[in-house]
Every structure is written in C-alpha cells, then in structure tokens.
Amino acid sequence: MPTVVLMDASLSMTRPVSQDSSEEFQRKNLAVHGLNMLFEHMASNYRLEFTALMAFSSLWELVVPFTRDYNALQDALSNLEDYDKTCVESALNGVSNVVQQEWGSACPCQVVLVTDGSLGIGKGSLRHSLQSLRHRGDDKKFPLPFPFPTKMYIMCVANTEELQMTGALDKWEELLCLGGGDGQVFTVEGPLCMQGVQAMFGRLIDRAYCPFHAVLHCGNLSADVQVFPRPEPVVVDEEVEPLARTVNPDLEIVGFIEIADISSPPVISRHLVLPIAVNKDVDDVGTGGADEPEEEVSASQMAGKSPNFCVLLHGSLKVEGMVALVQLGPEWFGMLYSQADSKKKSNLMMSLFEPSTEPLPWLGKISHLGPISEAAENPYGEDDSKSPFPVQPPVKRSYAQNVTVWIKASGLQTDVQKILRNARKLPDKTQTFYKELNRLRKAALAFGFWDLLKGVAELLERECTLLPDSAHPDAAFQLSHAAQQLKLASTGDSQYAAFEHNIVPMHTDFSS
Amino acid sequence: MKMFSVAHKTVFVVDHCPYMAESSRQQVECDVLTKSRGQGVIPLAPVSKSLWTCAVECSMEYCRILYDIYPLDKLINYIVSDSEFHLLNSWKRDCQSTHELMSSLAAVGPPNPCEDPECCSILHGLVAAVESLCKITELQHEKRIALMDMAERVANRGRIICLTNAKSDTHVRMLEDCIQETILEQNKLAAGSDRLMAIQQCELVLIHIYPQGDDTLVSDRPKKEVSPLLTSEVHSVRAGRHLATKLNILVQQHFDLASTTITNIPMKEEQHANTSANYDVELLHHKDAHMEFIKSGDLHMAGTSTRENGLKETVTLKWCTPRTISIELHYCTGAYRISPTDVNSRPSSCLTNFLLNGRSVLLEQPRKSGSKIISHMLSSHGGEIFLHVLNSNRSTLEDPPSISEGCGGRVTDYRITDFGEFMKENRLTPVSEASHHPAGKLPAERAKAQLERHTRYWPMIISQTTIFNMQAVVPLASLIVKEALTEDDVLTCQKTVYNLVDMERKNDPLPISTVGSRGKGPKRDEQYRIMWNELETLVKTHAGATDRHQRVLDCIIACRSKPPEEEERKKRGRKREDREDRADKNGGKDVEDKSWKDAERRVVDMAKSVPDKEDQESEVIKDSPDSPEPLIKKPRLATDEVESPEGAKGPISLLSLWTNRITAKSRKRREFIGRARSVNSKFELYQHLKDENGMDVHENGKASR
C-alpha cells in the first residue's frame, strides 16, 4: 500500500515553538524530525513500501516521486523551502492525480498529511472548502473521497487543546470523514515539543507501519515470516457481519492444489511472504567453538545458511506448478504460490480470497476439501491425468443448456426453420426432427403460445403435401403424426399438453 | 449489495386474467419461404403473441439472466393471479430454476378468455406476494441461527414485480394501498411466528402492459415512497420488444449489473466455412467488473456507447485470439458470472461454447492511443463462465528481494523433489457434504491432520537425512505416516526392516552425505547406526498412534544393531553423558507427543552442524537462483545393485590419504565439537547435542571460513 507524505510548506509552519530551551525550533523542524523518525522506521522495518513526498502551500509539488529510497526522502525533507499559505484542497487534488497516475484507481493508498493544524485563510482554506462543499458543480468536486481506497493520517504538529479551542480539530475530523473515515487525526498531547511530536509519530507507526509477522505452518514444518504489505482487516457484510476480519498470525496450510485447478482466482489482496530470522535466545552452553577462531558473522548471512521452510515450499511450488491453500482465520482462506518477478527472481506470494465458506465456486466449499488419501481411488488418477476440479454446479447455466428464447423474432424463426429443414430430410433425420419439435413444443406450452403450435402443425401438413414422389413413405406418416400431436397439444388438453410429455416418432415398419 | 437487500427476494406477480389473452398485435412471420420453394405456396399467416405470452417470456428472460449471474441466494417466487392465486414455486433453493418455472407455467396455460372477468383480479396475486415476502428463506434461516442473539441483523426486504394490464392511474393507486395494508397486516402476524419475518422494506415495480397501437391508460411514474415500508414505481410499456427491453434494463438496475460487448470475435461464416467475419457479443455481469473504468472516469474512453433508449450503456472490449494454452496464474482482482443478453444467437453460442470447451480469452481495452492494455479475461470453470478482472496497473510489490537472498536462500540442497511428491500426496479433493458425518472433523481439518502426521519427521535438506535418500526405506516411510495400519502394512514395514538388516549384514554402502567432508566420511558401521537412529526417530513419532505402529517400532528396536554403549560413553564429555540419560528416558516406552518432537529436533540439530561442510560447495554455486536442485544428485540406492558413492569418485588420491592422516594426528581432543564434523560427526551430534550446541557449531562453522 503506497504512502504519500503530504507536507505543509506554508509560512505558518515556520512559527517558532515557544520553548524555554536555548534553541529556537520551528514547527517545521518538529515535523521534519517526526517524518525522519517515520522514514527511519520504514527503512528498517517496512522497506518495501513505496513512498512519495509532496509539499504544498497554495500550490503543490511532487518533491520525491514514489520510491523505496528512504535516504532520498530524508534528503529532500531537509531541503524543503517555505512558501505562502495553506491550501489543503488543491494539495488533495494533487495527491489524487499523483496516485492515480502511478497506481491506477484500485490500489489502496495511505496519505500522511503533516501540518501545523492551521486551516489557511480565505478562499482555498479548509474552512472555506468545507463550507462550499454542497454548492459545487460536477467540474469542481471536492477531491475526497479519492477514487482509490484511502487511509488518511492527519498529523497536526500542534497541541490538542489549542486545536480544539480554535475549532480546527473538528474541521480536520470532518476532512477525515469526507475521505471515507478510514484513518485518524493525530495531535500532540501535552506541550508542543520534540518528545510530544516523537510520541505522536510513534503512535502513527504503531497504527499503520508496524510489520505483520506471522508463522507459516505446514503440519510440523514452520517458518517465521513477514507478510508485506500488512493484510488489512476486511468487513464481509456491514449489516450481517459488521466486525472486521483480521488475518490470523498463524497461517496454516490445508493442502495443495494444481495451478490449473485453482485457475486465476479472484483475490482481494496480494502479499509477499518473506522468511525472517527470529532472534531466539541462544543458550550458550560453552561446549562449542572455544577453540575455533571467533569471527563476526552477520546475522543475515547466518540466516541465509540455515534451511528455511519457505524456501523449500517455494521451490517445490514452483517446480510442480502448484499452490498451497492456506487458512487465514475461520472460514477465510488464501493461497501461497511462487511469483516470478523476472527470469532470475521469484518469490513466495500469498493472495487472500474473499472471506467466505466458498470463495471460489469451482472449488466448492473449502472446508469440504479433504485429503485424497481418503478417496476410494485417487481422484487425480494414477498418472495425474484427471482432476476432481472444477466442481460442477448442480444446475447448468442458460448458455450451457440450449434454452429457448423467442424475444427476438429471429429466435423463433430459426427454431421453426430448423424443424422444417429436418422435416425435409425425413426419415434420415427423424431423431433431430423430434428433438427440435419437442423443444419448440415445450417452450410454446410454457409461454402459453398455443397459436404457434397450430401454426407449426399447419406448416408440417403443408410440407407433407409438398413431399416429392421420390420421398420415403415414412416421411409423410411422421409429418402428419407430428402435426396431429401439435394440434392436440394446442388444445391445452392435459393428456397432450403436459410439459414433460414428449412427442415420440410414430412407429412404422418401413424401416425394417 | 448487502446480503439481505431487497434483491434477496423477488416476487413476480403475473396477471392471468382474461384480458391478458388479448393479442399484443406484434406479429411474427415464422414461415420464411426461400426463393426456390416459394412458388405456388401460400405462406402461413404470421402468428402473434398474446399479452400473457409477452409477459411470461420477458419475465422468464429476467429470471434466466438472474439465475445465470446469481445462482445462489437471489431468489424468485413466481405467482400467477386470476380468480385466485397460483404459487408456481417457493423460496427453496432447489425450486430456483427456469426449468422448474417453465414446467409450472405450462401447467397453468394461457388465460382463459371465457372466464368471468369480474371474478379475476391481480389483487389475489399481490396479497399472496406480500405473504410470500414474509416467509423466511433458507439463507435467512441459516444466518439467523448462526448469529444467535444477533439474529435481528438479518433483515427482511423484498421486491414485487407486477406484470398486469391496469385500468387507470386510480386503479394503480388502489393496488398500492392494498399492498400497504397487507404489509401491515402480515407484519403483525409475522411478529408472533418463527417461520415468518416482518417486512422491513418492500419495493413495488408495477409494469402496465398494453397492446401495440393502443394508447396507454396508465402513466409512468418514477419511484416514490408510499410509506416507510413501501416504495412504488410504475412503468407503462407496450407488449413485445419494448417490454423485453424494459425488463432487461430493470434486471440490470435491480441486481447491479452492467454490460460488456466483446468485439472483433472472429467466427467462421455458416455458408463459407473458409472465410471469417468479426462479430460482437453482449454480456451482462455484475457492474464491479467495470469498477476500474467507473472510478477513473474512463468509462467513455473505454469505448462506452449509449444505446438508442439512452438508458443502457455497454463497455466494449476487444477479443484477443488466444495463442497458447498456457497454465498461468493471473493477478485477478475479481471474477463475475456472465449471461449473454442474446443467449441463443449464433455469435453468443459460438463464444460461450468456445469458452465452455476450456479456452480462456483475454480482453483488451480499446484505447485511442498508447500501448494495449489487457484488462479482463473470459474463462469457464465447471460449466460456468466468468469475466475475470485483471490488474493492469503498476504493482506495489515490484522488484522484491529474491527468495534466494533471504533466510535459507543460500542453502542449496533442499529436498525440492521430495517435497513436490509430498505436496502431490497432500493434494485436496472435494468431499461431498452428504458423505460427511456431521459430528466428525471437517474434511479440511482432516487434511491438516494428515499434514501434521506426514511432517512429524521431515528433514528439509538432503544432507540432513539418510533414510529418505534410500529407496529401500520408501515402503516403510510411506506407510508409517498413515492414520491406521493394516496387518499387511505392518508386514511390509517389517519386511523393509529385515531388508535393511540384510543390507547391513552384507555391508552395503549407504547414501550418507559426504559432501565436502575431508576423507571418506563415516565408517560403514557408523553409517548404519546413523541410519537406524534416524529410522527409529521417524517411527517413534508415530508409535503412539496405534498398536500396529508400535509393533513396527518394536521390530526396529529388536532388529537394529546395538551401539557399543560402553565404548561410546568413554568418548563423551561428562555433560553429554547427563544429557544422554535424559534422552534415554525420553525414548522410553510411553512415547508422548513431546518426545518425538525432541527426537526430531535432535536429528535436525545434528544436521544443522553440517552446513559448514558445504561451505566449499556453496562457494561454487554462489548466488544460485531460488533454491535450485542440489548439485549432487541424491544417490538412490536399489537394494540389489549398490554402488558406493565414494567409489564413484574414483580411488582415493595420495594427497587425501596424507591429509587425512595429518588431520587425524593434529586433532586429538575428540570431544571438540568442530572436529566432530569431519568424520564421526553425524553419530556424535545426533546422540548428544541439544539445540544450543547445534547453533554453536553452526556459528563456528561460519567463523572458520
């Protein structure tokens, strides 16, 4: 989930923080300090996050485009200049553009807006924007909510009470609500000082940037992993199940499925599963290498050398072309698979399905997938030539069952012509003739379209008179028999007009 | 759409009164005469559908689309009204199909024009519709049970679509009032019943049908609120084509559908099989499949066109002829069932049959300029066609660190092939709900239990194991993980053990990893001890399961060569002796769950000490991509034709002989752990090292580089 840091570069940010200490800080310094703290945290714990830095006043500027280079972000932060007044609305328009250009409109995004909490003045101020919200044309819509799912964190480098007094806090809360309500307004608790700002950014980190650690289990094999980006809570149905579901930190593999069988399933999010070295307390007994020359070996090198289940799993999934079905919580599943970024690089990836008992109709209920060893015979066949998937639905869809639709005249004409075409090839086409005839009969009965039955009966009788002399004598018998049956059906007489009843070919002994 | 929105329950009320037998006056020519046969034949007079036929076929089309796209839990109850009401089906899931409805409709037949119009009324049906909406559906029942005390979260809303021929606007108002009253009455009744639910919201869609050429007596009216419980809208539509269009628009509105037209579908001409022309096919599906276009405001850019009626829009996507049938996992953000708008037209059925035969088609978003973007894919699964939405934006996960750079990434002898076999054995298969005992464990839980059994002892790398590199052990290893053994299974296991004893007697070499070791590796008898220990560890983890499992363990303990205990002890330091005692206790009769885990860990730790031997190897295969196949193929030794792995390397060189001697001389303190790696490593580590020691060894191994 990419992050946009939106930094207020207006003059009000340069206001000094009245402090007893000898050094005179500006609010901007505090903000930069807080952001540096965030960037340092991300560099070491959330390294794969793409972050962009934008500065705004009455105009906005993309200072650093989306990057994972946190040094570049910090450098840019220290070189920010001061501009004129705060104008949040245009800055948010800027965020919307920048994000959509880079990630499209489906990718969820986090916005960290850093400001001193002042709303700006006059036209373009937040107060003005919010007031004029309802009197806008389609061309001047307020940028919130963004088209992409957003989490907005508003970092006010200002004291809570101060913001409450001026009424600014309410406006920021209102802005948050406009954005969809996902996020938080952070303020400095207590006096405005370095520690207060640190604590505020600490809360942001805890809320939005702490890595998701989990243990991947496959029976007794397991590995400690980081799941990136962190899986977000999911609400299934706000009315029936309003509580958000969260991914369990114990990811349990249920079993394995061929890629062809799972066949490009829809997923709600994708995550890298990165094995991590957990520092277990090493109980040094001392019998080890007292005699060996001790050298400093980097922890990562160590970790690279000890076997890890993730690597084994990834390798086999890749070689076999399979995915592992993994349980994320009650009635919530996902899949693990090898994802190749390029020829050389590939990775263990986890995709989350919609929380549901049956997220993929072609697998059936996931809780009803069992081990193949329990089946009477291997459902995959001895040579892997078969597969128990996809699961067939009990009823065929309309396009798979030759339904009759006569809404367009052409549909009806085609069906009648089909019967006539076969009628002319009797007795060779007796089976097809009756099949088509019965199909038409059924539909006509269901639609209460008795006139059609009479009409087709007449057509068949006419065909009978038009038969050439060379025609097989059976043709005439079958045609008049069919015509008579249709006429009987068109009376609605329950004996002849039953839906499940079929007209059967007349038994003649010419065929013998 | 919420689970229990008004879309959960739809009641069709279709007028079956005598005036519905009137002709729609839209004529269909069904006798199309070809030129050659036209002479002297009087063509059949065109037929025309009655208002009833029009109403029925259009409502069935509505149902067809609905059932195609929502086969579950968007329910229809079909009611026909004349002098009384006729319920053609119920809310039950197995009553939800067009076939079921067609069959019931045939039984009802067209309205009888001779019936007394005074006795007939649509009101009978509307009252029945309200009663029906109060009836609880299977899904509502299930959810209420599941939610227990939160049962009130399950809402009861519904929609009534009434197809009738109304007399006037006043008549319509009378019908609305009647429904409103009935809802209030029924809600009172429902309050006192378990199987009924009060209606919280009801949407009435009244469609007035009149013959072509007549003037309508009823005016259109957009949705308005009759009461907090009831909204009502009126559509006045001419029978025939207009009615079909209207219901098509309504089904899209009611169920959040949208339309996509697949364009440029190449199709062979019926007449000229060697030429092909391009066709378009329109599909309906959930509108979320267009989410990306809607959000980005690209809807018009993406080739949207507005139809003549100004209400219906369709997004055009271009067919990309599939080149290869490659099995690929696309990043797909949604999959939505489709229904062709014109299901039995030739282009539609060509497309659907192509897909039903198992081919997938990628769809391209037409753009005025720039590169082509594949945004969707059509694919069938189990006879159902889905429109998959593919992600066409930049990925936020691009350029991740390769797995070979992370933890365990530098290890090169993972048992990739063996784990592949393991995965195949642990594939899943659907278990029918009928065959599942409600009291028993769910199949998925049994699958997990099987994984647990199969992984009790499962070394991850080749150099950690001896037994899994031996063909001779396979029969036992594959049987012992079973939940229950047959007598035959026990026999096979015992045979395997005897076979191993035989191998040991014949002094057959074992595929003990000698990778990077200086010298020949452990001596033969020590190799066998390592092998027996490992086998015992494997079987011990299962011995507690059943008596038969225990018998296999007993057999191993009885048959294996006993280590010369006394001699061994002398070699060990005092600390280890203590530990050994503990281990011995653990290995006692009553094997608990924990003890096998310890046992396994000991084996694993033993192997953890090995990596430094491979240092030389991994130097060579530096930066191998993701866990490649091991450099040295695992020697699969058949029992009868045994080849020594060392032997394969040729005779021992003078240099190595000398080096061995020197190393042997220079290392006299046998308890020294670093030394343990060289010759007798496996034996010693396995017997006595705990995790910590293993780690130490590991570390030192690194340090020595």
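As they're listed, the protein sequences go chains A and B.
Just so it is clear: in the first sequence, position 300 is 300 by the working numbering, and no numbers are missing.
When you read off a place in the second sequence, starting at 1, and then add 1000, the result is the number in the working numbering.
Note that beta-carbon positions come from the ideal geometry of N, C-alpha and C, so glycine has one too.
Because the structure is a prediction, the values reported are computed rather than measured.
Under 8 Å by beta carbon: chain B residues contacting residue i
i, result
"CYS218 of chain A", "LEU1451, THR1455"
"GLU458 of chain A", "LEU1044"
"HIS368 of chain A", "PRO1430, VAL1431, SER1432, GLU1433, HIS1436, LEU1442, PRO1443, ALA1444"
Which residues DSSP lists as bridging residue i, in chain order
i, result
"THR1429 of chain B", "A:GLY370"
"GLU1233 of chain B", "B:VAL1205"
"PRO1266 of chain B", "B:ASN1278"
"PHE25 of chain A", "A:VAL17"
"ASP8 of chain A", "A:PHE56"
"THR187 of chain A", "A:CYS156"
"TYR337 of chain A", "A:MET349"
"VAL114 of chain A", "A:MET7, A:MET155"
"ILE1461 of chain B", "B:TYR1414"
Endpoints, the beta strand (DSSP E) within which residue i is located
i, result
"LYS396 of chain A", "Segment: none, LYS396 of chain A is in no beta strand (DSSP E) and carries neither H nor E."
"SER316 of chain A", "Looking at the DSSP string, SER316 of chain A is not in any beta strand (DSSP E); the run it does join, the alpha helix (DSSP H), is 309 to 320."
"THR1182 of chain B", "From DSSP, THR1182 of chain B is part of no beta strand (DSSP E) but of the alpha helix (DSSP H) over 1169 to 1191."
"ASP206 of chain A", "No beta strand (DSSP E) holds ASP206 of chain A; the alpha helix (DSSP H) holding it covers 194 to 208."
"ASN1077 of chain B", "1075 to 1081"
Per-residue contacts from residue i into chain B (C-beta, under 9 Å)
i, result
"SER373 of chain A", "GLU1425, ASN1426, GLN1450, LYS1482, GLU1483"
"ASP250 of chain A", "Per Cβ cutoff of 9 Å: no residues; ASP250 of chain A is ~12 Å from chain B at best."
"GLU102 of chain A", "ASN1393, ARG1394"
Endpoints, the alpha helix (DSSP H) within which residue i is located
i, result
"PHE477 of chain A", "473 to 489"
"ASN159 of chain A", "From DSSP, ASN159 of chain A is part of no alpha helix (DSSP H) but of the beta strand (DSSP E) over 150 to 159."
"PRO2 of chain A", "Taken as a continuous stretch (DSSP letters only), PRO2 of chain A belongs to no alpha helix (DSSP H), as it is neither H nor E."
"TYR1498 of chain B", "1487 to 1505"
"PHE389 of chain A", "Careful: PHE389 of chain A lies outside any alpha helix (DSSP H) and carries neither H nor E."
"VAL1108 of chain B", "1098 to 1108"
"TYR434 of chain A", "430 to 446"
Beta-carbon proximity of residue i to residue j, cut-off 8 Å
i, j, result
"PHE333 of chain A", "LYS1049 of chain B", "no"
"THR1541 of chain B", "ARG1456 of chain B", "yes"
"SER1232 of chain B", "LEU1204 of chain B", "yes"
"LEU1378 of chain B", "LEU1356 of chain B", "no"
"VAL1108 of chain B", "HIS1124 of chain B", "no"
"ALA55 of chain A", "ALA106 of chain A", "no"
"ASN1426 of chain B", "GLY255 of chain A", "yes"
"ILE276 of chain A", "ASP224 of chain A", "yes"
"GLU1057 of chain B", "ILE407 of chain A", "yes"
"VAL267 of chain A", "SER351 of chain A", "yes"
"THR1352 of chain B", "PRO1340 of chain B", "yes"
"SER346 of chain A", "HIS1330 of chain B", "no"
"THR1429 of chain B", "PRO379 of chain A", "yes"
"ARG441 of chain A", "ILE503 of chain A", "yes"
"GLY117 of chain A", "ALA158 of chain A", "yes"
"ALA1190 of chain B", "CYS1134 of chain B", "yes"
"ASN1264 of chain B", "TRP1319 of chain B", "yes"
Closer than 7 Å at the beta carbon, the chain B residues around residue i
i, result
"MET322 of chain A", "MET1423"
"PHE447 of chain A", "THR1053, VAL1056, GLU1057"
"ASP237 of chain A", "LYS1002, MET1003"
"GLY411 of chain A", "ASN1344"
Within chain A, the residues that residue i reaches when beta carbons sit closer than 7 Å
i, result
"ARG1064 of chain B", "SER398, VAL403"
Amino acids of chain A, ordered along the chain, whose beta-carbon sits closer than 8 Å to that of residue i
i, result
"LYS944 of chain B", "For residue 944 of chain B there is no data in the structure shown, the boundaries of chain B being 1001 and 1705."
Contact list for residue i against chain A, beta-carbon separation under 9 Å
i, result
"ARG1159 of chain B", "The contacting residues do not exist; ARG1159 of chain B stays about 17 Å from chain A at best."
Under 8 Å, CB to CB, which of the residues in the segment 151 to 185 of chain A have a partner in chain B?
none
Which residues, in order along the segment 413 to 432 of chain A, keep a beta-carbon less than 9 Å from a beta-carbon of chain B?
GLN413, THR414, ASP415, VAL416, GLN417, LEU420
Which residues, taken in chain order from the segment 28 to 53 of chain A, show a beta carbon closer than 7 Å to some beta carbon of chain B?
LEU48, PHE50
Could you run through the segment 1260 to 1285 of chain B and flag, in chain order, every residue whose CB is less than 9 Å away from some CB of chain A?
none
Which residues, taken in chain order from the segment 1371 to 1389 of chain B, show a beta carbon closer than 8 Å to some beta carbon of chain A?
MET1377, SER1379, HIS1381, GLY1382, GLY1383, GLU1384, ILE1385, HIS1388, VAL1389
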